[in-house]
Each structure stands twice: as C-alpha cells, then as structure tokens.
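Accompanying notes for the structure given below.
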Amino acid sequence: MGFHRLRRARAVLVVLAVPLLIAGPVTQPAQAQSETVLRVALIQEIDHLNPFTASFSSSAMIGRFAWEFLTLPSAEDATPTGGVAEDWQASDDKLTWTFTIREGMTWSDGEPVTAEDAAFTFNRIMSDPKAAEANGSYVENFEKVTAPDERTLVIKTKAPQASMTALDIPIVPEHLWSDVTDMAAPETDELDLVGVGSGPFVISEYRPNEIVTLEANPDYWRGAPQIDELQFVKFENADAAVAALKNGEVDFVNRLTQAQFDSLEGEDGIETNQASGRRYRELLMNPGATNIEGQPIGDGHPALRDVEVRRAIAQAIDPQVLVDKVLGGYGELPGGLVPPIYEDFHYMPSDEDKFTFDPAAANRALDEAGYRKGPDGVRAGADGRKLEFRLTARSSEDYGLRASDYLAGWLGDIGIKVTKNLVSDNEVDETTSSGNYDLALSGWGTNPDPDYILGKQTCASLPATSGSSSSNAFFCDETYDELYAKQAAALDPATRAEFVKQAQARYYEQVPSLVLDYDNVLEAYRSDRFTGLQRQPEGEGQIMEQTGYWGFYGARPVEGGAGDDGGGVSAGTWVAIGAGALLVLVGGGTALARRRSAADDRE
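Residue numbering for the sequence shown is -32 to -1, 1 to 571, as defined by mature numbering (1 follows the signal peptide of the UniProt record, and there is no 0).
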C-alpha cells in the first residue's frame, strides 16, 4: 500500500481505581526518539474525518492537512494559489472554467492524482445530498463537471461564479471513495478511507475523544514537512491544555481565554500570538426550522417566528459587555457575518440600522407586538403561551458559561424567561441542526471568499432531513437569496463587495441569528521546541485555524531544543484514573484532564 499503513499501537490504557504518582519520564523506544512530533492541544471535538460531512472547525482543519484542494488561499495574503490545480482559466463568458491538474502529484498510496478524482469529488457532492452536507453550497451553480483527460478538469456553471478559485472542497481519491454507497455511514470515518490523502500530512491514527495523529507525507508535492508527525490531543478544557503547554507536554494551544493568554505572556520558552480572527460568535434564534421541502422540523418556540420578537431580543443585548467582560477585551464589536479581517466584504450597519442596547425600546416593541407581561413578569403571546425560551450552550466552554448568564439576565429584564441548557458540545450541534432549540450560542469560521458563509443562509441550504448542518440558522428569505445570487455572479470585485454587504444587511435586519462578536485569535506555542510556524496573513495573522495548512506545515524543530528529539503522546503511556474522567500522560508526568464528550464549533 505504499506510505499508507495502519499506525503502530501508540499507547497502553490501564484502568486504576486510585490516582498514580509519576516519578519521571518513561524511557522511550529508539524509534520514537528519532521522530519529531508536534503536539497540538485540541479543545474542540471532531465530528467527522470524512471530508464530505465534516462541519466542525477542528474537523475541517484536519482535512486541510490531509487533502489538497484545487486552489487554496495563500499564506501571504489569502489570495488564490495552486493546489491540485497548477493553472486555471475562465472562458470569455465566464461560464466554463478549465483547470490543469498538477503533473506528477500522487496520493499517499502511490496512485496518481488525476482530473477524474476532482470530477468525482464534485459530481458526488452534486448528486448525493449526504455528500453535500459540508460543502454543497459551492456546487449549487454547477451545471456539469467533466475530466476530458487525466490533467484537464472542466467545470461548466449555470451563471458566472465569483468563487471559482476559492472552492474550499478537499479533493478525494476516486479509487477509494467511489465504492462508498452511504456517505453518512460510520465507516466513512475509518482509516481505510481517510488514511489516504494528498496533503502535507496523512491521517494515520484516530481514537475518538482522545487523539488524531497525522504523519508527514514524504511525497507531498511542495516537499515533505520538516516534522515527522502532528498529534491533535483532546483535552477536557483549555485550563488543562494550558497546564500541559507550561509543562512541555503539548507544543501548541489555541482558543485561549483572556486570563490564560495573559498568564502565558513572558513565560520562558513560550510565545503568544494575538490576531484578528476569522470566526464570529452568534446567538441563534429559531425562526421556525423547516426542511428543504418546507416541512416544519424541531420544537422551536413559535414566538421566535415573529421577527419583532427577534429584533427586541437583539435590542436587549449589550455586545460591548460581552467583549469587555467575557472576552476580556480580546474581541471586536459585531456587524455582519463576515469579520472585519476581510475588510472588503465586512458589513457594519449604520447608526440608524444598528441594534443598540436599549431595553426600554425592546420592552416597547414587545408591547406593541402584543406580548404582554403577566403577574410574574413573563410575557405571553395572544395564544397565551409564555415567552419562555431555552438557551442552549456548551458546558465545556468558558464563553458559553459566562455569556449565557448575561443573556438570561438581559432577556429577563424585558419579560423573557430564559432557562439555560448547558450541554456537551456534540449535543449542541445535534440540537441546533435538528431544530430542537429556541436560542443557542454558536459560531462559524469564515473564509477569505464570503460565498461559503453566505451560502449557509440560503433557502437551498435548508436540510433534506433533520440533523443536517447544511443550514446555519434555518433562514429562508427570497430577498436574501436574490442578493446572494447577485454577489455570486458578480466578477467585478467592487460590485460583488456591495452585493455581499447588502445580503448581510438583509440577514441582519431579519435576525435569524445575531452576531455577538468577532473573537481575537489567542494562541501560544513552545518556542523552545519549534519555530517557523507560519501566520496567515503573513506576519500578523493566526497560526492554527487557517484556511490552509501553512501554520504547521512550515514548522521545524529548534536546533537542540526538545522538539528535536521526538517524544510526545505517541511514545508515552496513557493511564486512566477512576472511571476514565482523567488521563495521566506518563511520558511527561502530568495529569491531563480529558474531555468527557464532544465539541460543537462548526465551520
């Protein structure tokens, strides 16, 4: 099978009833000592390794390491650069795009990467709703995709499409994936499929809720990475991950809180990085979830179908407090769905259109809409049903825990009773994607090209079945769809940017969700072990959750540093304490709190 192989057993799990004291590091095998392993703390869960269905940001990030795209955003400034395709051109009418596939590129099992692989990938998404779950919006305008020969891919579109050099879709090997009949089947996450890739690293081990291991691809077309292995190690929370970073048991941590980030600044051997991020946080407000056929799904409160209720909620929330008190100042005030890091497409409402913190105005709006307060101070509609909403958020996340308290208090002040529903991260995703929520804290990562995040809000993205994450907020609005179509077809950058902002303005006005803030990226790494971690954009951007793989692909061990001698989770021994709530990493000697369940931070 060439490079692809099942990974050797990397750990021994021993269940104990009592804690274990560890005197020192375990002597490691000679083979492990020769490996350079960069260990990344993973706070989020992996929903799928299958690139057709992966929607969590952590899953999408791992996919970017394993499978090359046709083109991808460059490290320098996120403009398109070649991937599977080394050249591309559009016809005069902009309806036919011809991509030249890179010569000599191979899959990690030795088979050649061809135009047939790319055509298969796109055609499967076009024809199979399950395969379209993660990236279906990119191909909705495709009419036909063909491969006239091994190095030529031709995509015909129904209308001009501005995002043709920003198709964030991993290309997969046809010779393996063509045999898959059910793209949602559990076996699509197994190594037999996901362990063959074309990226700088190849997935070699996956233990759910514990670790994902990727080995360097020696045949990667840009050149083999300078590290042998990437390990994404699962942690219960960021506090445990930070402790592991300080103790040298992991090499990289992201999604830090303000207090954690501040505590790491100036630490010997650790470098911190703060940057404008490509993520936004939002409060979902169930506008009446339906599937693609218009049939209701879920159990959202019917009052939230009233846009006046959603607007009143928006007026009752103070984003400045969330940025100052919950994010510790490490965030930016909200506007539209595209963060300010992508300034050409960022929408910020005018003072006249902006939802400002005004509880008195929110109370008046609800009064005028017919929602009167009862003796207990809780409002009810004409049908007598009280405005009692569930607020679903992640119990494992500092932001969810703290922001939910503020939100419950603010909404209580306008006569809306909020019951906090703090659950595991996978439960948040399952709840929101099935429409079984009233309010929910969520978030998405955005790309340099706005088409993906805008496409998640269209009627066409409504799910075929309950439980799909194809739609962000179950929004379906004819006016919005018209503006989305206009931006998608506008090839002039200035014209497109205007339509992008108009689409965001319509979304903002209808409030199926309210953007609460744009997080700053707060991350840290062991600079005494590794150097060369590339930021995107160059010099000032983030390292880990890029729209590419540059951050860790460029990493190299510090000469003479600890990163030069291997180590890591792969060479240690996992010891479970009690019923498995904690794991101790014997190779480093520190207890690592492990995550009990899953993560919902979608992308």
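Beta carbons: idealized from backbone N, C-alpha and C, even for Gly.
Predicted, not measured: the structure shown is a model, and the values here were computed from it.
Self-check item: Where Pro141 falls: helix, strand or coil (DSSP)
Solution: For Pro141, the secondary structure class from DSSP, reduced to helix, strand or coil, is coil.
Self-check item: Glu343 classed as buried or exposed, judged by whether at least 16 other C-beta atoms fall within 10 angstroms
Solution: Residue identity check: residue 343 is Pro in the sequence provided, not Glu. Pro343 is exposed by the Cβ-count criterion.
Self-check item: Touching by the beta-carbon criterion (3+ pairs, under 8 Å), the segment 44 to 52 and the segment 232 to 243
Solution: no
Quiz item: Since Leu6 sits in a beta bridge, which residues does DSSP pair it with?
Solution: Answer by DSSP bridge pairing, in chain order: Leu198.
Self-check item: Three-pair Cβ contact test at 8 Å for the segment 397 to 411 versus the segment 500 to 507
Solution: In the pairwise beta carbon analysis, the segment 397 to 411 is classified as not touching the segment 500 to 507: fewer than three pairs are separated by under 8 Å.
Quiz item: For Phe203 versus Ala9, is the C-beta spacing smaller than 8 Å?
Solution: In contact: Phe203 and Ala9 (Cβ atoms closer than 8 Å).
Practice problem: Out of Phe520, Glu513 and Trp35, point me to the one whose CA is closest to Ser25's CA. | Solution: Glu513
Quiz item: Roughly how many angstroms separate the alpha carbons of Glu54 and Ile69, rounded to a whole number?
Solution: 6 Å
Quiz item: How is Arg279 classed by DSSP in three states: helix, strand or coil?
Solution: helix
Practice problem: From the DSSP output, read off the bridge partner residues of Trp56. | Solution: Phe67
Quiz item: What's the C-alpha gap between Gly268 and Ile195?
Solution: 48 Å
Self-check item: Close Cβ partners of Pro193 (< 7 Å) along its chain, the five nearest in sequence each way excluded
Solution: Pro168, Phe169, Ala184 and Tyr521
Quiz item: Assuming Asn109 contacts Thr125 under a Cβ cut-off of 8 Å, what Cβ separation, rounded to an integer in Å, is found between them?
Solution: Right, the Cβ-Cβ distance comes to about 5 Å (below 8 Å), so this counts as a contact.
Self-check item: Spatially closest choice to Trp189 from Gly72, Asp60 and Ala211, by CA coordinates
Solution: Measuring from the Cα of Trp189, the nearest candidate turns out to be Gly72.
Exercise. Tell me whether Gln242 sits in a helix, a strand or coil according to DSSP, three-state version.
Key: strand
Quiz item: By the 10 Å Cβ neighbour count, where 16 or more other Cβ atoms means buried, how is Asp487 classified, buried or exposed?
Solution: buried
Quiz prompt | Residues sharing a beta bridge with Trp518, DSSP | solution = Paired residues: none, contrary to the question.
Quiz item: Can you pull the DSSP bridge partners for Gly78?
Solution: Answer by DSSP bridge pairing: none, since Gly78 is not bridged.
Quiz item: Would you say the segment 105 to 119 touches the segment 209 to 229, given that touching needs at least three Cβ pairs under 8 Å?
Solution: no
Quiz item: Based on Cα-Cα distance, which residue from Asp219, Asp485 and Val164 lies nearest to Ala523?
Solution: Asp219
Quiz prompt | Three-state class that DSSP yields for Val479 in the structure shown | solution = coil
Quiz item: Expressed to the nearest angstrom, what Euclidean distance is found between the alpha-carbon atoms of Asp230 and Gly297?
Solution: Whole-angstrom Cα-Cα distance: 12 Å.
Practice problem: Please confirm whether Gln12 and Gly245 have their CB atoms less than 8 Å apart. | Solution: Cβ atoms of Gln12 and Gly245: not closer than 8 Å.
Practice problem: Starting from the C-beta of Ala330, find all residues in its chain whose C-beta is less than 7 Å away, skip the five residues before and the five after it, and write them out in chain order. | Solution: Ala280, Gln283, Ala284 and Ile382
Quiz item: For Gly413, which residues of its own chain have a beta-carbon under 6 Å away from its beta-carbon, when the five flanking residues on both sides are left out?
Solution: Ser25, Arg246, Arg247 and Glu571
Quiz item: Which one of Thr74, Phe313, Ser59 and Ile309 has the shortest CA to CA distance from Gly191?
Solution: Thr74
Quiz prompt | Sufficient close CB pairs (3 or more, under 8 Å) joining the segment 75 to 87 to the segment 449 to 467 | solution = Too few Cβ pairs lie closer than 8 Å, so no.
Exercise. Determine which residues share a DSSP beta bridge with Asp61 and list them.
Key: BP columns for Asp61 are empty, so no partner.
Exercise. Starting from Tyr420, follow the alpha helix (DSSP H) in both directions and report where the run begins and ends.
Key: Taken as a continuous stretch (DSSP letters only), the alpha helix (DSSP H) holding Tyr420 covers Asp419 to Gly423.
Exercise. Answer yes or no: do Thr360 and Asn394 have a C-beta to C-beta separation smaller than 8 Å?
Key: no
Quiz item: Which residues in the same chain as Ala549 place their Cβ atom closer than 6 Å to its Cβ, once the five residues preceding and following it in sequence are excluded?
Solution: No answer about Ala549 holds up, because its pLDDT of 32 lies below 50 and its placement is not dependable.
Self-check item: For Tyr452, three-class secondary structure by DSSP
Solution: helix
Practice problem: Would you kindly work out how many angstroms separate the C-alpha atoms of Val468 and Asn215, rounded to a whole number? | Solution: 46 Å
Self-check item: DSSP beta-bridge partners of Trp412
Solution: Tyr248
Quiz prompt | Cβ neighbour criterion (16 or more within 10 Å) applied to Lys322 | solution = Lys322 should be labelled exposed.
Quiz item: In this structure, does DSSP put Gly380 in helix, strand or coil?
Solution: Of the three classes helix, strand and coil, the one that applies to Gly380 here is helix, per DSSP.
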